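Enquirer: Got a structure here, written out as structure tokens. Questions coming.
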């Protein structure tokens with residue numbers, strides 16, 4: 001059952017209503033017009049133009065190389081294909097860590113040049129001033145705690161975060177800091193389910209989990225992982241809903257065979 005059938009457009013306020021009424025929030029990453037249109041028509045609540053484009057679109061090992069200009073390009077494509085979903089854009093590495101003025105400038109560029117509805121950035125207390133400044137400028141901000149991929153070289157691995165009491169307590173504190181600073185929601189990545197439950201119960205704003213159990217107010221997956229395009233990536237939290245990694249190559253092989261055998265195009269496919 002959906003409480004939001006009457007909503008023609010999902011907003012940050014819609015997400016707040018969903019949390020209050022107990023309706024889970026669906027979120028997927030997206031990077032181009034065609035997929036945005038398909039995902040939007042399929043009823044996804046939120047499309048995240050993630051810096052994971054660095055991995056799945058550009059082939060980089062980490063999210064660090066992608067630039068602000070590249071994120072803006074992907075976001076422009078997604079917005080053009082979206083009518084209902086809320087579109088959130090990641091601030092890429094290097095576009096906000098230096099100081100709050102640079103962070104605000106990056107956020108403004110994204111909003112002005114893409115038509116997106118909000119931005120997302122990683123980190124806790126070290127980005128609080130940037131969040132406050134961006135929110136004060138009228139730009140909605142989503143936070144991101146737990147495993148923050150832009151800090152992968154600091155962490156040293158993609159393992160579960162906040163398993164120890166000290167880090168768990170810090171995450172709880174920082175989640176509240178993000179809410180107080182004005183974040184309309186917080187992504188919780190790869191943390192223990194019990195901890196995610198505590199955060200979700202303490203915050204008034206929605207939490208979106210990825211590898212954080214089912215007590216979060218919503219869930220997000222990388223589209224390429226969920227659709228089985230990335231066959232090598234097999235984390236415990238991932239559920240594949242399709243296996244395009246096999247279906248696409250088979251379709252292409254069939255096309256190649258038909259071209260080679262002169263079966264395609266046939267008379268009905270010719271003018």
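Numbering (UniProt numbering), first residue to last: 1 to 271. Beta carbons are placed, not taken as given, at the ideal position from N, Cα and C, and that holds for glycine. Remember, predicted model here, so these are calculated numbers, not experimental data.
1. Between residue 233 and the rest of its own chain, which residues show a CB-CB distance below 6 Å, the 5 nearest in sequence each way excluded?
2. For residue 125, I'd like the list of residues in its chain whose CB is within less than 7 Å of its CB, leaving aside the five on either flank, ordered along the chain.
3. Which residues in the same chain have their Cβ closer than 8 Å to the Cβ of residue 102, if we skip the five residues on either side of it in sequence?
4. Roughly how many whole angstroms lie between the Cα atoms of residue 255 and residue 247?
5. Are three or more beta carbon pairs between the segment 22 to 34 and the segment 63 to 71 nearer than 8 Å?
6. Ends of the alpha helix (DSSP H) at residue 120?
7. Rank 43, 99 and 77 by C-alpha distance to the C-alpha of residue 49 and give the top, closest one.
8. Scan the segment 141 to 171 and note each continuous beta strand (DSSP E) run of 3 residues or more that stays entirely inside, going in chain order.
9. Starting from residue 100, trace the beta strand (DSSP E) in both directions and tell me its first and last residue.
10. Can you round the beta-carbon distance between residue 25 and residue 217 to whole angstroms, since I take them to be within the 8 Å contact cut?
11. I need the DSSP call for residue 191, collapsed to helix, strand or coil.
12. For the beta strand (DSSP E) that residue 219 lies in, which residues bound it at each end?
13. According to DSSP, residue 27 sits in a beta bridge with which residue or residues?
14. Please classify residue 42 as buried or exposed, where buried requires at least 16 neighbouring CB atoms within 10 angstroms.
15. Tell me whether residue 52 is buried or exposed, calling it buried when 16 or more other Cβ atoms sit within 10 Å of its Cβ.
16. Would you mind working out which of 141, 251 and 184 sits nearest residue 14, comparing C-alpha positions?
17. What did DSSP end up calling residue 131 once you bin it into helix, strand or coil?
18. Strictly by DSSP, which residues pair up with residue 86?
19. Can you name, in chain order, every residue of its own chain whose Cβ lies under 7 Å from the Cβ of residue 1, other than the five neighbours on each side?
20. Just confirm the distance between the C-beta atoms of residue 8 and residue 84, as a whole number of angstroms; I'd bet it's less than 8 Å.
21. Go through its chain and collect everything with a Cβ distance to residue 222's Cβ below 6 Å, but skip five positions before and after it.
Expert: Inspection of the coordinates gives the following:
1. In the chain shown, residue 233 corresponds to position 233, counting from 1. Short of 6 Å from the beta carbon of residue 233, and not among the five residues preceding or following it, lie these beta carbons of its own chain, in chain order: 225.
2. For the purposes of this step, residue 125 is taken as residue 125 along the chain shown, with counting starting at 1. Correct list, in chain order: 174 and 177.
3. Translated into positions along the chain shown, residue 102 becomes position 102. Closer than 8 Å at the Cβ level, and outside the excluded window around residue 102, lie 95 and 96.
4. Translated into positions along the chain shown, residue 255 becomes position 255. Translated into positions along the chain shown, residue 247 becomes position 247. Cα to Cα, residue 255 sits roughly 12 Å from residue 247.
5. Below 8 Å, too few C-beta pairs join the segment 22 to 34 and the segment 63 to 71 to call them touching: fewer than three.
6. Start at 1 with the first residue of the chain shown, and residue 120 comes out as number 120. Premise fails: residue 120 lies in the beta strand (DSSP E), 118 to 120, not in any alpha helix (DSSP H).
7. On the chain shown, residue 49 is found 49 positions in, with the first residue counted as 1. Residue 49 has its Cα closest to that of 77, out of 43, 99 and 77.
8. Correct list: 141 to 146.
9. Within the chain shown, numbered from 1, the residue matching residue 100 stands at position 100. Bounds of any beta strand (DSSP E) do not take in residue 100; it lies within the alpha helix (DSSP H) bounded by 100 to 114.
10. The residue you call residue 25 lines up with position 25 of the chain shown. The residue you call residue 217 lines up with position 217 of the chain shown. The Cβ separation is near 6 Å, so the contact holds.
11. Working through the chain shown from its first residue, we reach residue 191 at position 191. DSSP places residue 191 in coil when its eight states are reduced to three.
12. Locating residue 219 in the chain shown gives position 219, counting from the first residue. Segment 218 to 221, the beta strand (DSSP E) holding residue 219.
13. Walking along the chain shown from the start, residue 27 turns up at place 27. Beta-bridge pairing links residue 27 to 46 and 220.
14. Residue numbering aside, residue 42 sits at position 42 when the chain shown is read from its first letter. Exposed.
15. Here residue 52 is taken as the residue at index 52 of the chain shown, counted from 1. Buried, by the Cβ-count rule.
16. As a first step, residue 14 must be located in the chain shown, where it is residue number 14. Looking at the Cα atoms, 184 is the closest of the given residues.
17. The residue you call residue 131 lines up with position 131 of the chain shown. Helix.
18. Here residue 86 corresponds to residue number 86 of the chain shown, with the count starting at 1. In DSSP, residue 86 forms a bridge with 46.
19. Reading the chain shown from its first residue, position 1 is the one you call residue 1. Low confidence applies here, because residue 1 scores a pLDDT of 48, under 50, leaving its location unreliable and the question unanswered by this model.
20. Indexing the chain shown from 1 puts residue 8 at position 8. Indexing the chain shown from 1 puts residue 84 at position 84. Confirmed, Cβ separation roughly 7 Å.
21. In the chain shown, counting from the first residue as 1, residue 222 sits at position 222. If we look at residue 222 and ignore the five residues flanking it on each side, its Cβ neighbours are 29 and 52.
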